[in-house]
Amino acid sequence: MNETKFFVVEDHSLTNLGIRQYFNERSHFVCCGFASEKDEALNKLKELADSNELPDVLILDLNLGECSGLEILQVVKEKYQSVKVVVYSMYTNPGILSLALDYGALGFVSKDSMEGELLRAVTDVVNGGSYVQQSLVTSLFTYRNLLDSLTRQEQNIFKKIIERKDNEKIAAELNLTLRSVENYLSRIYGKTGCRGHEELIKKFG
Amino acid sequence: MSYNLAPPDVIRNDLAANVMNLSQNFKEHSDIEFRLTMPEKIDTSFLTEEDNLNIYRIVQESLTNILKHAQASEVTILLRNANEGEAEGLYIFISDDGKGFDVAEYDKSRGTDGSHLGLVGMKERAELIGAKIEIDSHPDEGTQITIIKQKV
């Protein structure tokens, strides 16, 4: 079997180490680097790209907030299209899952699952497939249905809420007035039966 | 009001099927992007024939308005039953991304400046069957019509 080069981005050093050890024990996997946060990850990937040694697959932890894993994902897919990304996340709500797939992740596994699940995801993705943990698929389907029921502008706003952005930031990023964002939000609340950001995130995020 | 209530375009006492027909018709007659969303299982069994007909007409009127006035590029219809914390019933949301209008201004001027959108008729139909109707519109932010018929 061909050698598979992998790279791990994970801020908990012990988990990071654990993932590397788990894959290193398998003869055809070779770790070509790891990082604990965004800048470190992007710098190291750039070095690897310069020496033409980019990983085949990137295993990405998906913490949220400042420098979220979603941002790393976006930059990586933009700069290094050949690198396949498997997300390994403690967040498993369909909104996050859906965004990760939108941004180009090919695999998605919950941190609650057994390590074999991650191995399966990485293997499938390296072999040209994609892998979403089975237990998450149903809720993803429901979520996609929900997105379908929103207009494009409502979807834009909804996705930014899932990324944990507040109304001011959403208004700025979409070039809308705060009032306008609030108007759209009240429609989103109506359709989803939710009454605020928190409830949307709890239910779908 | 009990006879001649069902004109030929209302195929049977099944709102979901009738809305699907309206949607199909809309798609065939306009270039506006259109999406109809409803869960696999939707309970409309509590609607009377009169409920069905009037809700159907409200949806139809909403779509006609969009075609005539909204200059929309996208329309969505969502049909669903209650979510957690909501009163049991049928919930319908018709949204467009068109030019919208100022609801307060419209209410003041209705029927006098030729901009009548049939909203009065829609409200009357809703009232007749004890349904709630909300018209939410803002200039440049499209329009959303919400119809809620509670199960009693």
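For the protein sequence lines, the chains are S and D, in the order given. With this note's numbering, the residue at position 20 of the first sequence is 20, and numbering never jumps. In short: position in the second sequence from 1, add 1000, done, that's this note's numbering. Here a beta-carbon is modelled for each residue, glycine too, at the ideal position from N, C-alpha and C. No experiment lies behind these values; they were computed from the predicted model shown.
In the DSSP annotation of this structure, Thr-1076/D is not part of any alpha helix (DSSP H); the continuous beta strand (DSSP E) holding it starts and ends at 1074 to 1081. Cβ neighbours of Asp-1014/D within its own chain (closer than 8 Å, five residues either side excluded): Thr-1044 and Asn-1052. Distance between Val-85/S and Ala-105/S, taken at the CA atoms: about 5 Å. Between the alpha carbons of Gln-1024/D and Glu-1127/D lies a gap of roughly 27 Å. A Cβ-Cβ separation of about 6 Å places Gln-133/S in contact with Phe-108/S under the 8 Å criterion.
DSSP places Leu-174/S in the helix class (H, G or I) of the three-state scheme. Sixteen is the threshold: when 16 or more other Cβ atoms of the shown chains lie within 10 Å of the Cβ of Asn-1054/D, as they do, the residue is buried. Glu-115/S and Cys-31/S have their C-alpha atoms spaced approximately 17 Å apart.
For a cut-off of 8 Å, the C-beta gap from Glu-1033/D to Gly-1100/D is around 17 Å, too long to register as a contact. For Phe-7/S against Phe-34/S, the beta-carbon gap comes to about 6 Å, under 8 Å, which counts as contact. Put simply, of Gly-1098/D, Asp-1096/D, Val-1120/D and Ser-1095/D the residue whose alpha carbon is nearest the alpha carbon of Asp-1107/D is Val-1120/D.
Inclusion of Gln-153/S and Asp-1097/D in the CB contact set at 9 Å is warranted, their separation being smaller than that value.
Comparing alpha carbon positions, the residue from Ser-27/S, Thr-92/S, Arg-20/S and Leu-70/S closest to Lys-111/S is Thr-92/S.
Beta-bridge partners of Leu-1036/D (DSSP): Ile-1077/D. Sixteen is the threshold: when 16 or more other Cβ atoms of the shown chains lie within 10 Å of the Cβ of Gln-1144/D, as they do, the residue is buried.
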